[in-house]
Every structure is written in C-alpha cells, then in structure tokens.
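Q: Starting off with a structure, shown below.
Numbering (my numbering), first residue to last: 92 to 535.
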C-alpha cells in the first residue's frame, strides 16, 4: 500500500469509527432483523440488528488486521474465522461488560467471537485490544491440531503483547512516553519481569495506563531486535504449543537474553532510550526525509590494497552489501535499524510506512540476505517516491489556498471598509442639526 492509499484508508476508518459510535442511535438505523456482513478477507463476520454497524465493524477490523500483519511482517493466511456480534443490552444484563470474547471449538477447528452489548456505544479503546487478542490467538493456534470430541486448551495471550500492539496501532505516543518518562524520572521504572508476569490489566486507571505505555515500548523494542517480527511470530507459535507464555517467551528469546538479568539490563536501556529525548513529536515531512537520508548514508574510511592514505567515502545504502564480509558490517547495520526505528516513532505520518519498509530492507541486509534486501529496498524507495509526491502535492495545495484566502489581504480589505464606514458616519453626524432632526420625523 503506498502513502496515498494509506492516508485515504485512515480517513475512511475515521468515518467508520464515527459510524460505530453513532449507529446504535441513528434514526431509522435499527431493525428487528439481524444484519450480517463479511469482511474483505472473509475472516471477519459481523452481526447486528442495525444497517450500518456490521459493515462499519468489518471495515474497522480489516484495518486493524492490516496494521497487525504489517507489524508482524506476515501475509494473510488465516485459518479460523472471527465473529463480531452486537446485541441490545437486556434488563438482566445491566451489570454485564460492554465487550467480552470467547473461543469455541467447532467440527473443523476453532471459532473466535467478540460480543458487544449496546448501549453504551461500542468503544474503540475496548474493541481494539479484543481484535488484537483474537488475531494473536488465531495465529498461535493455527498450527495446532484439534480433535473432534476432545476439548482443546486455548492459551491466554499475555496482556503485555495485546496492549503493546493495540497501543502501537492506536497511537497517542506522546502521552504514553510522558507516562514512562515520569515513572523513570521518579525512580520507579516498571521491570520487564513485572510486564511478563502480569495476568490481567491493573484495576487502577493510572496503573493501567502506565502498564499500557510500558507494554507498547516493550513490544516495539522486541520488534526492533534483529529478525524481531519472526521471533514474535515464533513466540505466538510456541505459546500455542506450550500453552504457557513464560515458557514460550524464554524458548524464543533465550539467545537474546541468556539470563533474566540480561533482559532487565536491555529493558532499562530501552526505557532510557525512549524517554531521554523528551516527549516525542511528529517531525515535518522535510525533516523526516532529511534524517532518513542521513541514516541511509554510511561514511567509511577506505584503504587501498597497497596501504595508500585512507580515503573517506560516503556509501549509499544499495552499495553497502559489498562490505558484508567486513568486521564492522553487522554493528553498522544494527545501528541503522535502531536509528530507523527511533525516527519511525517521530516520523511524519506520510513517511511512517516508508520507514517500516526501510527497516525491513536493512534487517534483511543485517542477515546478509542480499536478494530479499534488494527486493525490500526497491519497495521502500517506491514508497518514498510516493510519499514525496504526496507531500509536494499537499504543499502546493496549501500554497494555493493561502494565496486565495490570504488572511493579510482580507484584513486589508475589511480594514479599509471599516475605515470608510467610520468616515461616513462621522461626516453624517457633522451634518446633523435641529432642523434635520425635525424633518426626520416626517420621513417616518
């Protein structure tokens, strides 16, 4: 998906969210017949006694899955369906939660269901984690065998992963960074062991927000590891097989963190790195492109075969594979991945997908897979050209709008008009006399 289509999709999803919030109360929208709709990928099916709600839910769920697939770096090869069911709240359900989920074993495999009771309105902040949980669970169980007549044990997706991916997709990065920043500055940073051992969201609202913020940084940091997306997929697969999140985590990440102390050290560095620069803000498109250029360029000190004086040369990214046998190669490419990930957190929205594609390309370069690096780099450069084109188009449109509706020009026009009106009223008042006041009575 190029930058133009991504921006259009976000606009469409914004409208869909409005429909989700308004549909149960829209005049004439409700019906006594249950309406059902299938999503574009056919994985989601939505049911509601409302004409707008099923379609809106399917579009929203597909958008969430698109972002989830992109972060997990995998194709859409789903096995089991996910159902979204919206029902009116009955009198006996006054204390029932607004949204809850369940997994059912069918004759074939499994079926995931997300139930919503209205009123109140369907809340995106509650629905998003439920969709993420269902997607992760479907992947974790996809390779597992279910036997008819024998109950299958469905593993619980850990809250840190669900909330971390949900926060990544939802946004609000500045707010979450500020929470973690205050926690670190106060000397009470949340430990990695606390995140991994959490079984449910904290009840206290402030503790809940802090957990979500740390889960977001933890998940993003795991994805930024070399081959991070594949490892996170492997973690889910191991979770489906072993059923215990703690065991599955250490099975996959044992080489990255030989001991728990190594995990805590890495996590403390990640917290400091994410919070030491202050609260993140979106960069302009021009500044994002400039920082991207700087990262993709590698300055090397090259020495000839006969010991000539070293020559400093700037090597562009597509020429870097020829140095893959150098001792510094993996360190340089890993540093580039880290810098690209850092800029991704502050990038202009037009360049966020561009940064993701460059991260994928450099990750393949880090693994010395030149074929996939070339292919990914080609996609990244095409996405960047599209982002630059859209950025120039937006700038040109704004320049034109500024010329048409220039505030300074309008202010001059209105200032002149009011000055003329004041002069006219002053001249009229100076012409007033007792005789004119007397004659004015006969004009009425």
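Don't be surprised by glycine CBs; every beta carbon is placed ideally from N, CA and C.
#1: On the CB-based measure, 16 or more other CB atoms within 10 Å of its CB, does residue 238 come out buried or exposed?
#2: Measuring straight from C-alpha to C-alpha, what distance separates residue 139 and residue 468?
#3: So what's residue 192 in DSSP terms, helix, strand or just coil?
#4: Are the beta-carbon atoms of residue 549 and residue 189 separated by less than 8 Å?
#5: Hey, quick one: how far does the alpha helix (DSSP H) through residue 343 stretch, first residue to last?
#6: What residues in its chain sit with their C-beta under 7 Å from that of residue 482, if we drop five residues either side in the sequence?
#7: Please report the straight-line C-alpha distance between residue 420 and residue 249, rounded to a whole angstrom.
#8: Quick one: using the 10 Å Cβ neighbour count with 16 as the cut-off for buried, is residue 448 buried or exposed?
#9: Hey, is the region 452-472 in contact with the region 347-362, meaning 3+ C-beta pairs nearer than 8 Å?
#10: State the CB to CB distance for the pair residue 42 and residue 223, rounded to an integer number of angstroms; the pair is presumed to be in contact (CB under 8 Å).
#11: Under 8 Å, do residue 171 and residue 200 count as touching if we go by C-beta distance?
#12: Which parts of the region 157-238 are runs of the beta strand (DSSP E), unbroken and 3 residues or longer, counting only runs that do not cross its ends?
#13: Which of the three DSSP states, helix, strand or coil, is assigned to residue 244?
#14: The beta strand (DSSP E) that contains residue 140, what's its start and end?
#15: Do residue 475 and residue 434 come within 8 Å of each other at the CB atom, strictly closer than that value?
#16: Smallest Cα separation from residue 178: which of 335, 404 and 124?
#17: Under a Cβ-count criterion, where at least 16 other Cβ atoms within 10 Å of its own Cβ denotes burial, should residue 228 be classed as buried or exposed?
#18: With burial defined as no fewer than 16 other Cβ atoms inside 10 Å of the residue's Cβ, what is the status of residue 450: buried or exposed?
#19: Which complete alpha helix (DSSP H) runs does the region 394-462 hold, if anything under 4 residues is left out?
#20: In terms of DSSP beta bridges, what is residue 328 paired with?
#21: By DSSP, does residue 124 sit in helix, in strand, or in coil?
#22: Does the region 281-301 come close enough to the region 347-357 to have 3 or more Cβ pairs within less than 8 Å?
A: Quick look at the numbers:
#1: exposed
#2: 44 Å
#3: strand
#4: The question about residue 549 has no answer, for the chain in this structure spans 92 to 535.
#5: 336-344
#6: 376 and 441
#7: 36 Å
#8: buried
#9: no
#10: It is not possible to answer for residue 42, since the shown part of the chain is limited to 92 through 535.
#11: yes
#12: 173-179, 190-196 and 201-209
#13: coil
#14: 135-141
#15: no
#16: 124
#17: buried
#18: buried
#19: 420-435 and 443-457
#20: According to DSSP, which records beta bridges pairwise, residue 328 is partnered with nothing at all.
#21: strand
#22: yes
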